[in-house]
Amino acid sequence: MKEGILAVSFGTSHQETREKNIGAIERELAAAFPPFAVRRAFTSGMILNILRKRDGIQIDNVPQALERMLEDGFRRLVIQPTHVINGEEYDKLRELASPYLGKFDRAVFGAPLLTTTEDYRQVAGAVGEWFSPDPKEALVLMGHGTAHHANSAYPAMDYVFKELGWKNIFVGTVEGYPEIDTVLRQVQELGCTRVTLAPLMLVAGDHAMNDMQGDEEDSWKNRFAREGFQVTCVAQGLGEIPAIRRLYVAHAAEAIAQLDQDGQENR
Ligand code: CO
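Residue numbers (my numbering): 3 to 269.
Here you go:
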């Protein structure tokens, strides 16, 4: 019986970060679960358009990918998002996929990166150890942020870093809460002079290039620099951290375990 994993990402138009993050996760999923063929879908229509028109790269959206998997005879399906939070993009994915699920013998969803409390601890551990900021410097992570109720994942992440002993790791967002002003004030209260900025996003795409380390007056780099901090920017997606990739693989493993459970409806 043909089994597949559809790895679903928001997508990015930046080729290098796409391969280092999304591509790396897909390759590890393929290596971890040999009977499963891993396929790619992106949810951002804007990104898919740019890739098609500018780069001549054709990537499926979710309905296209699922149609093709049905045509190609896949009977058991895991849909594994690479999304960070259970937010708007994940909701959209579930909605887009729902008409197709009943057409497979079994179809289940894997969880986004930040789902259970244990996920938060694992992510904080992975990111904290990866950067290991000196006690005299602050690490400020740029989350995306959203108007969706799942935005509370970002202040929760900030809290978990502190719980695990990293008083100098902070989480801010571009489009939600906490805002950069709040984080800036907290970093000032910490009394350090050096700050490292890095994305709390799967890829280092437009937000990392522009909002984080861009030359605009209100980029985070310039906001901190104007307050006298010595700023270092690390344009690297979360998917470049091996322990983060392992967490996505673990989420897919949990979904695969559900495939074999009886009496459970498609979910
Ligand atoms: Co955005």
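By construction, the Cβ of each residue, glycine as well, lies at the ideal position given by its N, Cα and C atoms.
Asked, Found
"Coarse secondary structure for M48, derived from DSSP in three states", "helix"
"Proximity to L240 [Cα-Cα], best of L249, Q188, D217", "L249"
"Buried/exposed call for E91, threshold 16 Cβ in 10 Å", "buried"
"C-beta atoms of A257 and V125 nearer than 7 angstroms", "no"
"Closer than 6 angstroms: residues whose CB approaches a heavy atom of ligand 1", "H146, H209"
"A200 to L72 span [Cα, whole Å]", "39 angstroms"
"Stretch pair the stretch 190–208 + the stretch 126–138: three plus CB contacts closer than 8 angstroms", "yes"
"Within 7 angstroms, strictly: CB atoms of V251 and T19", "no"
"CB contact check: S46 to chain C, cutoff 7 angstroms", "As a matter of chain content, chain C is missing from the structure shown, which is built from one protein chain."
"CA-to-CA distance, V176 to M203, given in whole angstroms", "11 angstroms"
"Cβ contact (3+ pairs, closer than 8 angstroms) linking the stretch 153–166 and the stretch 96–104", "no"
"Residue closest to T118, alpha-carbon to alpha-carbon, out of V86, H146, E97", "V86"
"Exposure label - D213; buried when at least 16 CB within 10 Å", "buried"
"Cβ-based burial, G147 [other Cβ within 10 Å; buried from 16]", "buried"
"Pairwise C-alpha distance: E229 and F35", "49 angstroms"
"Per-residue burial, R41 [other beta carbons within 10 Å of its own, 16 or more giving buried]", "buried"
"Among E69, L98, R108, M144, nearest to A210 - alpha-carbon criterion", "M144"
"Beta-carbon proximity check, G207 vs T14, cutoff 7 angstroms", "yes"
"Entirely enclosed beta strand (DSSP E) segments - the stretch 59–93, minimum 3 residues", "76–83"
"Segments of 4+ residues assigned as alpha helix (DSSP H) that fall wholly inside the stretch 107–184", "119–133, 155–165"
"Rounded C-alpha distance that separates F44 from A149", "21 angstroms"
"Assigned exposure category for S11 - 16 Cβ within 10 Å defines buried", "buried"
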